[in-house]
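Heads up, our numbering is the position in the sequence shown plus 224, with the first residue counted as 1. Virtual Cβ for every residue (Gly too), placed ideally from N, Cα, C. To start, the structure under review is shown below, and the notes come after it.
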Amino acid sequence: ARGVYAALGRVARLLLRGCREHAALMERGVATAAAERAHAVDYGPRIAAQEQVGLAYAGWDRLLTKVALPAWRMGRWPSRLDVGVAAALTELSRRDRLADGFAARLGERPACDLLEEPGAVDEAVSLLTARLFHGGPAESGPSWAPVDWQAYPEEVVDRTWRAEAARLHRVLDSLGVSPSLDPATPDPGGPTLARVLDHLAEPAADTAPTVPAPTAPLDNEDNGNNANTPDRADADPDPATERSALLAAGLSAALAREEREESAVPRGARAQGPDSALWEDGDLPLFPLQPPRTGRELLAAHITAMICCAAVDTAGAAPGLDWLDGPTLLLDGERAADLTPKVLSLIEEGDPAPLRAWLAESGIRPEKPVRLV
């Protein structure tokens with residue numbers, strides 16, 4: 225049966241390639257006709273409609289990149305993406321006045337209810353979306369399982385935080401970072417947020433980030449390769465202290481190693497479905513959602529994850545889900561403030577003061593050990 229599916233896949237690819245030019249011509253024709261008809265609509269309603277289409281696209285994009293992608297990276301695929309996008313657009317209508325009509329229209333009976341099994345169709349579409357945008361097996365398995373939205377905070381958000389925090393401490397171990405700055409301090413009995421803060425805060429916070437010294441150009445002509453001239457002060461995409469840069473490089477290497485180990489799993493050991501032969505392994509994902517993260521982005525994500533673990537374990541916080549922003553930290557039932565500026569201050573300047581002040585204000589104990597995966 226697998227050989228038959230492979231033959232059908234090759235035939236389908238040949239047919240699709242044969243009609244590619246005709247499909248492009250048809251698409252351009254439809255777009256031209258639609259543009260001509262749109263000119264007959266009043267300017268105001270036309271602009272409002274265009275803005276609403278843009279907002280709907282933004283809602284889908286945020287759901288896939290902020291909500292679905294973290295789950296896919298954890299080996300979980302949300303099984304009700306249609307429900308999720310309805311919730312995302314409803315949330316968007318609360319935040320943006322241009323999307324006011326979304327909530328009213330979403331309250332009407334959806335067309336998918338006309339199907340005999342809308343839940344099964346939603347699940348199949350959700351799995352297909354995961355394969356197209358992220359890659360993965362065609363069927364569920366131990367390392368590729370569906371997740372319901374109600375279980376998302378515990379199954380995805382909390383597990384992601386703890387997995388990233390564990391990776392962060394493994395890299396610190398490989399760098400020989402001690403659990404505490406003071407050798408006389410007793411062993412805390414587990415990984416702590418204080419270990420991360422103390423390591424990145426040394427040397428003193430007033431130490432300037434390490435950047436290459438500017439060099440004089442060879443001639444007066446700027447050919448685009450002279451990134452160290454004074455007018456390229458912002459050419460360094462990842463400003464960071466020396467310790468932060470070293471830790472970010474370690475995290476990038478650890479993540480790359482894990483991805484190589486995962487990709488080295490034999491094809492037969494992965495879950496296979498009846499359509500597996502239609503796509504070769506190298507064909508998926510067809511539409512990657514995001515480029516690889518930079519070292520600074522990885523380090524910021526791992527530090528944020530460690531902060532969230534400390535908040536959950538020492539301050540009674542909880543993992544949450546925002547339909548537009550993805551995983552979020554809930555303190556006393558309210559969404560926590562954005563930690564990005566405080567984390568970047570630690571990474572780029574070695575200054576932990578803003579982050580320590582927020583931790584103290586929120587009742588989070590960085591010296592207490594946290595539970596990792």
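Is the beta carbon of residue i sitting closer than 8 Å to the one on residue j?
i, j, result
"G574", "L399", "no"
"A524", "T564", "yes"
"L182", "G283", "The chain is shown from 225 up to 597; residue 182 falls before or after that span and cannot be answered."
"A389", "V228", "no"
"R520", "A464", "yes"
"P590", "L405", "no"
"P403", "R419", "yes"
"L421", "L568", "no"
Any idea if residue i is buried or exposed, counting beta-carbon neighbours within 10 angstroms, 16 or more meaning buried?
i, result
"G253", "exposed"
"S487", "exposed"
"I531", "buried"
"D411", "exposed"
"D537", "buried"
"H393", "buried"
"S303", "buried"
"V265", "exposed"
"D458", "Residue placement at D458 is flagged as unreliable, the pLDDT there being 44, under the threshold of 50; the coordinate-derived value follows with that caveat. With fewer than 16 other Cβ atoms within 10 Å, it is exposed."
Any heavy atom of the ligand GDP closer than 7 Å to the Cβ of residue i?
i, result
"S476", "The ligand GDP is not part of the structure shown, which contains no ligands of any sort."
Between residue i and residue j, what straight-line distance do the alpha-carbon atoms span, to the nearest angstrom?
i, j, result
"R481", "A257", "51 Å"
"Y376", "R318", "22 Å"
"L479", "V395", "10 Å"
"Q274", "Y281", "11 Å"
"A255", "Y267", "18 Å"
"A529", "A225", "45 Å"
"T518", "A477", "12 Å"
"L470", "I588", "27 Å"
"L232", "L238", "10 Å"
"A259", "L249", "15 Å"
"W296", "G544", "17 Å"
"E572", "A311", "36 Å"
"E485", "R391", "15 Å"
"E245", "V235", "17 Å"
"R592", "G413", "According to the sequence provided, residue 592 is Lys. The question's Arg does not apply to it. Roughly 9 Å separates the two Cα atoms."
Measure the beta-carbon distance from residue i to residue j and round it to whole angstroms, keeping in mind my assumption that it falls under 8 Å.
i, j, result
"L554", "A541", "6 Å"
"V371", "W301", "7 Å"
"L645", "K290", "Nothing about residue 645 can be read from this structure; the chain reaches only from 225 to 597."
"W368", "G360", "6 Å"
"L287", "V307", "No, L287 and V307 are not in contact; Cβ-Cβ is about 11 Å, not under 8 Å."
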